[in-house]
Structures are given as structure tokens and as C-alpha cells.
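Sequence positions in the sequence shown follow numbering that gives the first Met the number 0 and run 0 to 422. Even glycine gets a Cβ: it sits at the ideal position worked out from N, Cα and C.
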Amino acid sequence: MLNIKINISLLLTLFSLSMIEVTAQNHLSSPYSRFGMGEMNKRMSSMNASMGGVSYAFHSPTTINFTNPASYAAFDSLSSIIDATFSYKYHSLQESTRKQSGSTINFDYLSLGFSLGSFWKTAIGFQPYSFINYTINQYTPFNDTAEIKNAFNGTGGIYELYWGNAFKIGKNLSFGLNASYLFGYYNKYQAVEFPDNQFLNFKKDNEFQINGALFSLGAQYFIPIKETFLGLGIVYTPSIPTLYAKKTQYLLTYQNTSYNETIVDSLYWKGTKNIAISLPQTLGGGVSWSSEKYFLGFDFTWTDWSQFEMEESLDTLNDAYKFSLGGSFTPNLTSAKYISKITYSAGYFYEFTSLYLKDRQINKFGINFGFSFPMKKSKTRFNIHFEYGQWGTLQNKLLQERYLLVSFNLALHEKWYQRRILD
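As C-alpha cells, then:
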């Protein structure tokens, strides 16, 4: 009972910290987050991210792999897992000869997994779904000495609260379902600023409030081959024909003063109206080869972004394809040497994103590696994950982003149903 109280207290503390981070954070996103639903979150555990995102045919009693809900079937029947990750990201943006850089600390996810029986395992969690945070300034000549500034800005994000369940059928087959609630807001505005106050600047502001449901179905099958396993995994997320959104739009004129903007007049206000957003379907599959010491996997993901629709939006997206290859190695879990108990992981991913701008496909790749450190006399693990990536291109006057991400994860593994006896 004492263990249950401690774990619940820790979970509530971590959840409170994550909510503080969500309300306060200004997630450093790419300018490409201007399009569609913004920059999509990885939505995977730190361990899976360190292997390049390989997750469809991966399961572990010490990791909550929420990418494939069927993986929950690997949870220990007498234990619980509290899994939380925060990350630091440094990135630089380049357009032709202009460069800028920045960094931020972000909340990645918080999840809890436990058993409801020998064949029924469950998980709940909270994580970002997408981010929007960009500032794009374009300049056009006004006269011989001045320019007109066209500013495009966006802030906000969408978050996901999910509940997943997995059911094991026989020794090697499992099925799972994640049911998620999406909610959040974002703001997009466009402003035109003149070089002096002889002309009024004007701004068009669009505010969105989002909420809706999302479901993911998963299955895993592991075929024993001597002392190894061949794993197969698949996940399908159906399209959402109607994600509910409220949009508020207004246009105003203003002047820049020494300290801030002074609103001159509100030209119109459309009020709040309901609009429809259609999210695309996603299909992913993977294969793995594993033993007690090593894991090697390959994943492929297709997302039907060409079917994305948002009322009053002019964004046109393409289908996205992602390939992931990665693995991990643990020298000897039973060794007396601590260094032999550390799990070493590495991976690579390449993604043809949904963006096609100025006759160029916008692609993204990342190189990953990580370390998983076990705690003494416990299955609790502390994980560190590094990722170096690149997004976009400098061709045709487009933007290129390069980033370095470091994530810190604690996967606390405790027995909930065992009473401790103190001497």
C-alpha cells in the first residue's frame, strides 16, 4: 500500500510539472510548422527514439511503447511503469546567407503502464501532438531607402491525452488499442508594416481552438527461432473526418510606437465559428530480430496527408513516407560489471514529409544514439538520447534547419502489488 501511495504521489507531481511546462513553454519549432497542423511530435518513447524511431515490432517490460499499443502486453503482471521525458533542443536556421539559432527545454511525454490481469495490460499518458511556433519576415521595396515588412507569425500547439489497452492471445500474439483525446489552441496572424507612420499597418489574426478523438489499432506477433525472436508489428490510425475546431478571425489597423503596438481601428471581426478539420489515416509496419542481448528493427510509415482538409485553409499537402532502422545491444544483464548492464542503442530515419514547396520536396533525416542505465536492485532505468537532424533545403531560396536534441528519460519500474516488510 505504501508503494502505491508513493507512485501515485510521484505521478501527480510529474503530471503537475508537465502541465506547468505546457502552459509556460514556447516550443522552438521550425518555420515549416506554418503548414497543416504544425510540426508533428514524434509521439514515441525515448528508447524507441534512440533507435531511429523503430517501434512497431518492439516490446519491453521496462518501456511504454505507446506507438504500438499491442506492446503493452509485455508489461510485468505485478509491476507498474512511470515514464517521463524532458528534452533540450538547439537548432539553427539558414536561408541563403542569413542564419539564426536558438534553444529550448521541452516536455516530451508522461505515461503510466500497469497490469489489469495476466492477459490485459493498460497505459495512460499525456504528450504534445503538434507544435506551431514560427516567425517569418519578408520584405518588399517601398521606395529607394525603405521596405515594407510582411510578417507571418504562429504560436500554440495541440496536446494528446490517451488511454491504451493490450490483450495477449496465446504466448506470442497481442492486440492493442489507443483512444486519444486531442485538445489545444493555436494562433496564426499576418501583418503588413510600413516604414513610417504615414500609413497604417494592418494585421489579420486567426485564433483556433481544437478538440476531438483519435484511435490507433495495433498488433504484434513474435515467432521464436531457437534463442531469438522474429517480430512483426503493424499499427493503423483511421482518418478523422471531423476534428472539431472553433475559429475567431479579425482584422485591425495599428501603428508602431517606441514601446509597443497601438491599435487604431478594428476593421472587422467575424466572431467565433465552427470549422471542420479532417486528419489523415496512417499505416505503419515493422519487423525485428531480437534476443536477450540485442534488438534490430526496421519500420515503414505512410501518412495520407494529401487527404488533409481544413476549412478556409489553402494548404496543399502530399503523402508522407518515413523509414526507420535501428537497434540496441546489452552486453550482459547479469554481469557483476555495471558497464556490461548498460544498453547501447543507435538508429537512423529518413522522411519524405508532406511538404512540397517551390518545386522542391522537403525531406528530413535524423541520426540517433542513446544509453540506458539500470538502477541497482530494480528494473528502473535512466535513459539519455541524442539526435542530430536536418530538415529542408537551401535550394530555391528555401529554409534549412539543423538541430541537436538531447532527451532525459526516467522509466520508474515498481511493484504495486507487493507489500514490503521492514525489519
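Compute the distance between the beta-carbons of residue i and residue j, then report whether it is under 7 angstroms.
| i | j | result |
| --- | --- | --- |
| S49 | G369 | yes |
| G232 | Y55 | yes |
| F423 | I338 | Past the boundaries of the shown model lies residue 423; the chain is included only from 0 to 422, so the question cannot be answered. |
| S327 | S344 | yes |
| Y184 | L160 | no |
| L92 | E400 | yes |
| G52 | L324 | no |
| L172 | Y235 | no |
| A69 | A178 | no |
| G285 | L242 | no |
| Q254 | N186 | no |
| K41 | Y71 | no |
| S76 | K414 | no |
| F34 | D204 | no |
| F125 | L109 | yes |
| Q280 | S238 | yes |
| H384 | S29 | no |
| E226 | S290 | yes |
| N67 | G296 | no |
| L409 | A83 | yes |
Please work out which residues of its chain come closer than 6 angstroms, Cβ to Cβ, to residue i, disregarding the five sequence neighbours upstream and downstream, and give them in chain order.
| i | result |
| --- | --- |
| M39 | S129 |
| E20 | With a pLDDT of 47 at E20, under the threshold of 50, the modelled position of this residue cannot be trusted; read the value that follows with caution. Cβ neighbours of E20 beyond the five flanking positions: F106. |
| G365 | F348, E386 and G388 |
| I222 | L229 |
| N362 | F351 |
| T300 | G283 and K321 |
| L332 | K340 |
| D298 | V53, Y55, G285 and S323 |
| L411 | I81 and T379 |
| T247 | E206 and T271 |
| E308 | S277 |
| F294 | G326 and S327 |
Taking residue i as the reference, give the member of the options with the closest Cα.
| i | options | result |
| --- | --- | --- |
| F118 | T134, A73 and Y161 | A73 |
| M36 | S305, R401, P330 and T84 | S305 |
| T96 | L397, Q360, Q280 and Y402 | L397 |
| I131 | Y158, E350 and T333 | Y158 |
| A150 | L242, F141 and I135 | I135 |
| G112 | T62, K148 and Y87 | T62 |
| K98 | R359, Y87 and L393 | L393 |
| L250 | G155, L295 and F201 | F201 |
| Y87 | L77, A122, W390 and T103 | T103 |
| L199 | T247, L176 and K148 | K148 |
| E206 | L216, A218 and Y188 | Y188 |
| W288 | A145, I224, S32 and I168 | I224 |
| Y220 | G175, K414, N47 and D358 | G175 |
| Q137 | G169, E94 and S110 | E94 |
| G116 | T315, A275, F141 and K167 | K167 |
DSSP state of residue i, grouped into three classes?
| i | result |
| --- | --- |
| R33 | helix |
| P194 | coil |
| K202 | strand |
| I338 | helix |
| N317 | coil |
| E20 | Residue placement at E20 is poorly supported in this model, since its pLDDT is 47, which falls under 50; the coordinates still yield a value, given next. Three-state DSSP puts E20 in a helix. |
| N171 | coil |
| S305 | helix |
| Q219 | strand |
| Q280 | coil |
| K396 | helix |
| R42 | coil |
| K292 | coil |
| T300 | strand |
| K187 | strand |
| T62 | coil |
List the endpoints of the continuous alpha helix (DSSP H) containing residue i.
| i | result |
| --- | --- |
| A48 | S45 to A48 |
Please list the terminal residues of the continuous beta strand (DSSP E) segment that includes residue i.
| i | result |
| --- | --- |
| P140 | W119 to P140 |
| D67 | Looking at the sequence itself, residue 67 is Asn, so the reference to Asp does not match. Per DSSP, N67 belongs to no beta strand (DSSP E) and is neither H nor E. |
| Y253 | I239 to N255 |
| A56 | No beta strand (DSSP E) holds A56; DSSP gives it neither H nor E. |
| T144 | Run containing T144: none; DSSP gives neither H nor E here. |
| E332 | Here residue 332 is Leu; the residue named in the question, Glu, does not match the sequence. No beta strand (DSSP E) contains L332, which DSSP labels as neither H nor E. |
| E413 | Q399 to K414 |
| D75 | D75 -> no beta strand (DSSP E), and no H or E assigned at all. |
| K363 | R359 to P373 |
| T227 | T227 to T236 |
| G388 | R380 to G391 |
| S95 | It is not in any beta strand (DSSP E) - S95 carries neither H nor E in the DSSP assignment. |
In its own chain, which residues sit with a C-beta less than 7 angstroms from the C-beta of residue i, not counting the 5 before and 5 after it?
| i | result |
| --- | --- |
| Q208 | Y184, A244 and K245 |
| N317 | W304, S305, S353 and Y355 |
| A23 | Because A23 carries a pLDDT of 41, less than 50, the predicted location of this residue cannot be relied on, and the following value inherits that uncertainty. Closer than 7 angstroms at the Cβ level, and outside the excluded window around A23, lies no residue. |
Is residue i close to the ligand MG? I mean its beta-carbon at under 6 angstroms from any heavy atom of the ligand.
| i | result |
| --- | --- |
| K88 | This structure does not include the ligand MG; it has no bound ligands of any sort. |
Could you pull out every residue in the same chain whose Cβ sits closer than 8 angstroms to the Cβ of residue i, ignoring the five residues on either side in sequence?
| i | result |
| --- | --- |
| N25 | Low local confidence applies: a pLDDT of 47 at N25 is under 50, so the model's placement there is unreliable, with the coordinate-based value given in what follows. Within the same chain, N25 has close Cβ partners T103, N132 and T154. |
| R359 | T392, Q394, N395 and L397 |
How about residue i: is its C-beta nearer than 7 angstroms to some C-beta of chain C?
| i | result |
| --- | --- |
| Y71 | Chain labels in this structure do not include chain C; a single protein chain is all it has. |
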